[in-house]
């Protein structure tokens with residue numbers, strides 16, 4: 019068992035709500051992110067797949083989530099784990115077939131689980147038919163106009179044939195954001211890997227193509243889309259130079275020009291510059307919203323947009339654009355009562371101003387796992403990966419805080435996201451040897467950026483099975499650390515107080531009390547704590563390193579064992595029946 023906390027007995031999950039139109043289900047939903055290659059492997063090749071997800075649907079239904087978000091499973095050379103798409107209308111054989119997706123979708127709907135899928139519109143793979151056609155076509159051709167090809171910069175004393183990139187932009191993954199394919203004179207823009215060329219979203223053909231892609235998947239019955247790099251589609255006219263760093267560290271602390279290495283080590287990925295958050299992106303999403311509104315069943319979109327402030331982010335969820343935007347300010351908040359209260363208040367206020375719900379997220383496939391980040395000396399800090407030479411988190415303390423954070427997050431009004439394994443309290447793989455790392459950011463920065471592999475390790479299902487039961491054999495595409503064993507599903511299933519059973523109890527109570535549709539009412543409390551009411555539940559979170567007094571009330575759930583009307587230990591949280 020992980021830890022020794024106490025929760026009220028987790029009952030079987032009640033029947034899920036049917037997929038009905040008009041419910042605006044996404045306003046209060048808990049959405050579970052599945053990273054397909056690391057969730058469950060059905061065929062034994064060491065890579066998760068769609069049949070593996072299908073086999074685990076009963077686990078997800080019993081957990082109590084409302085919807086599943088699937089990271090990319092499209093055809094791809096897998097340079098960036100599927101975020102380099104070569105065909106948006108097919109399933110990569112690594113994950114199965116298109117028929118497998120249809121089967122999964124139907125089975126999920128049969129259990130009351132909606133499915134949203136990743137859409138990657140900023141760039142394609144260099145193996146996409148369009149990019150191949152562009153390289154085979156002359157400069158100035160319609161085929162090249164789908165991408166951002168440009169002549170090189172001619173700098174005095176440094177060549178006359180455009181040997182320099184068109185501007186000084188840097189890739190998010192490190193190095194210049196411009197490359198030339200072999201034999202090419204022109205450069206192509208790639209804000210990510212060189213094999214992920216950016217599309218030119220001023221081109222009507224690009225816009226028409228993606229509206230057709232939306233319809234392809236909506237016709238199959240998907241419930242929505244997570245839009246990758248939603249703030250990056252449109253670039254400033256003229257593609258001007260930018261003298262700031264490619265990413266800003268958390269807290270938006272500016273760096274000296276050229277101090278990109280520090281931004282990479284501590285990066286919060288708050289993007290600035292002429293390549294991000296341009297006004298034209300909103301025209302794209304208004305057009306997409308019109309497409310979604312043609313379909314019944316409340317189809318939705320959620321934006322991945324690493325931008326600040328919240329009022330700027332809220333522009334993506336105005337009534338005629340998307341329905342949700344990931345709340346990365348919440349994800350970046352340090353373990354501090356004042357920091358969380360500020361983020362919560364700002365988020366609710368900014369989203370309410372445009373009639374949208376707030377969303378709450380603490381982990382995803384791009385960040386060090388939350389339970390490990392909360393075990394750092396600066397708890398909540400977001401390093402760009404952790405290896406054996408970096409600070410090793412306090413595993414027990416990080417888990418304790420992550421469990422308390424679950425009580426906070428799942429009590430808030432709005433929608434919440436869980437990253438696979440978060441319900442297990444799974445930590446980061448922080449000692450993975452360099453030879454196993456596959457993240458392009460690790461390669462492009464020569465290891466300066468450790469990368470995201472540590473949070474993408476295949477899940478542990480059975481503690482004593484080869485590969486921890488990830489598949490029928492021992493193969494796993496990334497190595498699993500030994501300390502995964504006590505976090506395995508079979509070690510927590512049915513065990514009172516386990517992190518898995520805690521999440522099941524919280525999700526059951528959240529559904530019963532309709533907390534996602536409720537309102538937050540702050541209450542006075544001691545320093546270094548937060549306390550609020552929401553629909554008959556009183557929530558107290560103790561961020562302090564010492565116990566605090568707990569108010570009276572029946573204990574509905576707690577992250578650690580507590581006595582009624584007793585004290586709440588350090589780094590813990592409790593749900594009580596509210597007397598009001």
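Numbering (the numbering used here), first residue to last: 19 to 598.
Beta carbons are placed, not taken as given, at the ideal position from N, Cα and C, and that holds for glycine.
- Scanning 402, 342, 403, 364 for the CA closest to the CA of residue 375 turns up 342.
- The beta carbon of residue 295 lies closer than 6 Å to those of 249, 325 in the same chain, with the five residues before and after it left out.
- Per DSSP, residue 415 is one residue of the alpha helix (DSSP H) stretching across 413 to 427.
- Your pair residue 244 and residue 87 checks out as a contact, with CB atoms roughly 5 Å apart and the cut at 8 Å.
- Along the stretch 487 to 573, the alpha helix (DSSP H) occurs as fully enclosed runs of 4 or more residues at 507 to 510, 517 to 531, listed in sequence order.
- The C-alpha of residue 312 is placed about 42 Å away from the C-alpha of residue 549.
- Annotation: residue 306 is outside any beta strand (DSSP E); the continuous alpha helix (DSSP H) that includes it extends over 299 to 310.
- For residue 361, the enclosing alpha helix (DSSP H) stretches over residues 355 to 370.
- In the three-state reduction of the DSSP assignment, residue 127 falls in the helix class.
- Within the stretch 141 to 204, the complete alpha helix (DSSP H) runs of at least 4 residues fall at 147 to 153.
- For residue 44, the secondary structure class from DSSP, reduced to helix, strand or coil, is helix.
- Per the C-alpha coordinates, the member of 189, 109, 103, 123 positioned closest to residue 148 is 103.
- Under the DSSP definition of a beta bridge, residue 293 lacks any partner.
- The DSSP-derived three-state label of residue 256 is coil.
- Rounded to the nearest whole angstrom, the CA to CA distance from residue 188 to residue 203 is 20 Å.
- Between residue 593 and residue 425, the C-beta spacing is below 8 Å.
- About 7 Å separates the beta carbons of residue 436 and residue 51, which is inside the 8 Å limit, making them a contact pair.
- The Cβ neighbour count for residue 310, taken over all protein chains shown within 10 Å, is at least 16; the residue is labelled buried.
- Between the stretch 460 to 478 and the stretch 438 to 451 there are three or more C-beta pairs closer than 8 Å, enough to call the two in contact.
- For the pair of segments examined, the stretch 59 to 69 was found not to touch the stretch 407 to 425: the number of CB pairs separated by less than 8 Å stays below three.
- Between residue 135 and residue 85, the C-beta gap is not smaller than 8 Å, which leaves the two residues out of contact.
- Exclusion of the five residues before and after residue 224 leaves 164, 217, 218 as the residues of its chain whose Cβ lies within less than 7 Å of its Cβ.
- With fewer than 16 other Cβ atoms from the protein chains shown falling within 10 Å of its own Cβ, residue 259 counts as exposed.
- Its chain contains 428 as the residues whose beta carbon lies nearer than 6 Å to that of residue 528, once the 5 sequence neighbours on both sides are disregarded; these appear in chain order.
- In the three-state DSSP reduction, residue 433 falls in the strand class (E or B).
- If you draw a 10 Å sphere on the C-beta of residue 329, you find fewer than 16 other C-beta atoms in it, and that means exposed.
- Annotation: the continuous beta strand (DSSP E) that includes residue 135 extends over 132 to 137.
- Closest by C-alpha distance to residue 433, out of 581, 537, 596, is 537.
- The alpha-carbon separation between residue 336 and residue 126 amounts to approximately 29 Å.
- For residue 78, the secondary structure class from DSSP, reduced to helix, strand or coil, is helix.
- Per the coordinates, the alpha-carbon of residue 157 lies some 19 Å from the alpha-carbon of residue 185.
- The bridge partners DSSP lists for residue 590 are 560.
- Around the beta carbon of residue 234, a 10 Å sphere encloses fewer than 16 other beta carbons of the protein chains shown; the residue is thus reported as exposed.
- Within the same chain, 381 come within 6 Å of residue 440 by CB-CB distance, once the 5 residues on both sides are set aside.
- The Cβ atoms of residue 229 and residue 305 sit closer than 8 Å to each other.
- Beta bridge pairing from DSSP links residue 51 with 87, 437.
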